[in-house]
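Here is the structure we will look at.
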Amino acid sequence: MKTPSGCVKLGVILTLLLGALGLVAGCAFVFVGYSLRQQRQVRAQFAPPTVLVTDPASGVSAPAESYLGVSATAMGMSPIISVELWLDGELKETQSSDQPEGLSPFYANFGLLVPSEGSHMLFVRAVDANGVIGQSLPISVVGEPKSSQEFLAVTVQEGETLEGIANASATSPEILQALNPGLGSQPPTGTLVKVPLPPAEGPPASPSGPSPAPGSVPVEIPNIAMLQSASEKSPGLLPSGLFLPEPFAGKVGPPIAPTGLQAEVKGCKVMLRWNDHADTEDNYYVYMVPVNFHGFAVPIAYLKPSPSTGPAWHEFQPTVGGAVSLWVEAANSYGAQPSNVAWVYIPYDSGCPPTVAQDLDVTLLDMSVATTMDNAYCYVSFENNPEQRIPIQENVFLLLQDGKSHGPIGAAFFVIPIPKDDSLDLSGVCYGWSGDSFRELGSFSDSFPPGTWNGDRQTLRWNGHEIGLSVKPRTGWLTGTQVIGSTTDPTLPVPYDVLEEPWNVSTSPPSKLLRWKWDGDPKKIDRFEIFLNGKPYNYASADERAEHVQLPNECGNAVRWQVAARAGEALSYLSEPIQYDQPPCQRYLRVRFDEIYFKWTDDGFKIKGFPCETLSAYFHLSVRDVTRYFWGNGHFMPIKCGKPSFSTLTGGPGGPYTALYGPSPYEITIPLAPDEDVTAFWIRTRFWDDGDDPFGLHSEHPPIQASPYEKWPKCYETFTTGASTTDEAKSYLTFTLA
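Have a look at this one:
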């Protein structure tokens, strides 16, 4: 059959057109991929350092006017130049890198003077080689009363709260918690509470209100317009697309950080004022976290950029009570830079109107079964969303005694968006064990209308079994035991398929890329939060599915990465973890020969013990099978009474032995086997005078029982040996182990 020539031409044209479109699409795909890689590399360059306070834990107490050790680890894509300790809004100490190019990780150790009794707020900040700032979450430290102070026993009256007792006793809830471990926010009636007795005679007077939290200062509002909320969220990260965004054509890097943040509670509002130094910010974020909450901060305001540099301010109505920390971050497409942290106290009983409820607090209270069971577990669905296991942990069960639950139901607190049909639907299935016998307890389904949303106990019944629960609107004001970030929203999809990929092996430690998948709507969440071994590590924007991560150490630890989605005050369940064990760390022992004290010296032919004759000496230093010789090529060093340092004896950095042994020839570092006993080898010095008479003979086993890795992971310990006496000299050796 012949094909009409017009059809042939049309077919050829269509084929060429489709091919051209395919080529364009392919090129676009390549350009998009290249652009995204380039954007991620630029973002990585300006990623803020991660700062973890490893000691102390938040809420720790220490006597006033005593010192408390603070340890922190800072690490990032760029080396760390300095690490700062801040207390109550003031910079207390700065530690700088001894390497001009910086260090990563940077281990900082501070001695913090607890200035007074009561609560204090500290955080640690790091600055990298690009000038990018990262800081830890703020933590609280409580100054205890001095031991010589007298105390008074107060009996808790019916309905009295810890807050009320603290106010009546002219003290703070934190001090009472420190003096009475385990005391809740509302102690049982009749409980005896230990309170500090003021120096003045008589019972404590009731103050007008709690003293302001450290960092809370009167805020003078500048005569300029308040920064308003932005209409659209910008995650502070580069958008995806074929071309780099406009900011790349101008100044590269995140905005200059805000400074001088002040906070004050005025009426029903929290007032914030700060100094704006940036002219490249796209937006401001305001973050808040309760002081005693050990987790992530929550973004509470998203603001338009300031029209000019200088003072800026914002006010908002808080949704929590108690002591809270706040800070402001200036953000653009390269990243964000934080201000200092301020701390205010928000009274629970302020009388301010609560915010409009948008969520329900659902608490599973108890469970009872109609048959003999040892334990049980259930799968529960709210509003026909995916079921969640209760208790949430696999292989953990709800214990039953005489058919009733013993202890609280695991993961029993949920935040559920108010259903559009004004009826909370709940369904699921439960299973139980009796000895080795396993059986299904049956499925349940029920609805709870607004009339049941009063916080009273409601009952869900099926097949003779029942679950007790309570439902109440979340008005925005939380109790002292329910804090931001502590709730789980089972309606939020859970991230999945978490994996770790190599990213940049040139950084120290090497950086990696953590990826995950998520099937939800990014417009309904604020961000993703990343957890390392169950603790908050970092976060990513709602549009991201990957984030750079670094481990403080690349050996010797178990690693477990998990990701959760955050929407307001609630988190999704954590993802299934990606976990692995790192290889054991290679351990080293460093011996630094500090000084040798010659009590007397005698040059051979004179009366023994005559002090301080000059010896012309050469020597060697040994640690196990490593020996360093200091012969001086025939040059003999003059030695007499005194305490010469080995830095001086060896010529020190830049001396004649630097090329042979490095800048510190008086230090010897040796590798240790995994289970090696460091007391099994010796540390030795040997001196000879010009007549080859020996002196300064020291051979010491380290006077320790535990390995230095266990005992001194970040610091040093110095030892001085017993005397060594020969005809030539009497000496004592001082050395340091690390």
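The opening position of the sequence shown corresponds to residue 903 in our numbering, with each subsequent residue numbered one higher.
Just so it is clear, CB atoms sit at the ideal spot from N, CA and C, and this is done for glycine as well.
Computed from a prediction, not measured in an experiment: that's the story for all the values here.
Taking 8 Å as the threshold (C-beta atoms), are residue j and residue i in contact?
i	j	result
Thr1623	Asp1496	no
Ser1270	Ser1307	yes
Leu1302	Leu1371	no
Leu1039	Leu1024	no
Phe1284	Thr1354	no
Thr1503	Lys1545	no
Asn1459	Glu1449	no
Ala1159	Ala1232	yes
Asn1356	Asp1327	no
Asp1263	Val1317	yes
Gln1219	Cys1170	yes
Thr1093	Gln1059	no
Pro1156	Phe948	yes
Can you give the Cα-Cα distance for residue i and residue j, rounded to whole angstroms?
i	j	result
Pro1485	Leu1473	33 Å
Gln1239	Pro950	8 Å
Val1282	Ala974	41 Å
Gly1553	Ala1625	25 Å
Ala930	Arg1447	The predicted model places Ala930 with a pLDDT of 46, which falls under 50 and marks its position as unreliable; any figure quoted below should be read in that light. Using only the alpha carbons, I get a separation of about 21 Å.
Ser1006	Asp1391	37 Å
Pro1610	Leu1081	Caution is warranted here: a pLDDT of 41 is assigned to Pro1610, below 50, making its placement in the model unreliable, and no coordinate value can be reported.
Glu1619	Phe1583	18 Å
Gly1366	Gly1305	11 Å
Ile982	Gly1564	25 Å
Arg1489	Ala1575	7 Å
Lys1426	Glu1569	58 Å
His1196	Leu1228	Caution applies to His1196, whose pLDDT of 48 falls short of 50 and renders its modelled position unreliable; the model cannot decide the point.
Pro1047	Val1095	15 Å
Phe1008	Trp1533	38 Å
Gln1079	Phe1433	29 Å
Ile1041	Gly991	12 Å
Leu1662	Glu1403	What the structure shows of the chain is the stretch from 903 to 1640, and residue 1662 is not part of that stretch, so it cannot be assessed.
Arg1175	Ser1021	23 Å
Gly1470	Asp1184	22 Å
Val1298	Val1154	51 Å
Asp1000	Ile1202	39 Å
Lys1419	Gln1481	17 Å
Gly1334	Ala1010	51 Å
Leu1599	Pro1555	25 Å
Glu1217	Gly1162	16 Å
Val1243	Ser1477	31 Å
Val1121	Met1173	7 Å
Counting C-beta neighbours from all protein chains within 10 Å, is the total for residue i 16 or more, i.e. buried, or is it exposed?
i	result
Phe1340	exposed
Glu1065	buried
Tyr1187	buried
Val1044	buried
His1603	exposed
Glu1003	exposed
Ser1142	Here the model assigns Ser1142 a pLDDT of 29, short of 50, so the residue's position is not dependable and the matter cannot be decided.
Glu1234	Glu is not the amino acid found at residue 1234; the sequence shown has Asn there. Asn1234 should be labelled buried.
Asp1261	buried
Ser1585	Just to set this straight, residue 1585 is Ile in the shown sequence, not Ser. The residue in question, Ile1585, is buried, as its Cβ has 16 or more Cβ neighbours within 10 Å.
Val1528	exposed
Cys1332	buried
Pull up the DSSP beta-bridge partners for residue i, would you.
i	result
Thr1093	Paired residues: none, contrary to the question.
Asp1483	Ala1460
Gln1037	Arg1027
Val972	Phe1012
Asp1527	For Asp1527, which the question treats as bridged, DSSP gives no partner whatsoever.
Ala1072	Per DSSP, none; premise fails for Ala1072.
His1600	Thr1587
Thr1622	Thr1636
Cys1170	Cys1170 is not bridged to any residue.
Trp988	Leu993, Phe1025
Ser1443	Arg1429
Gln1303	Lys1306
Any heavy atom of the ligand ADP within a distance shorter than 7 Å of the CB on residue i?
i	result
Glu1019	The ligand ADP is absent from the structure shown, which contains no ligands of any kind.
Any C-beta of chain B sitting closer than 8 Å to the C-beta of residue i?
i	result
Ala1272	No chain B is present in this structure, which holds just one protein chain.
* Asked: Taking three-plus beta-carbon pairs below 8 Å as touching, is the segment 1462-1472 in contact with the segment 1391-1403?
  -> yes
* Taking one C-beta from the segment 955-969 and one from the segment 981-988 each time, how about it: are there three or more such pairs within less than 8 Å? -> No: fewer than three Cβ pairs fall under 8 Å.
* Assess, as a yes-or-no matter, whether the segment 1513-1527 is touched by the segment 1589-1597 under the definition of 3 or more beta carbon pairs within less than 8 Å. => Touching, yes.
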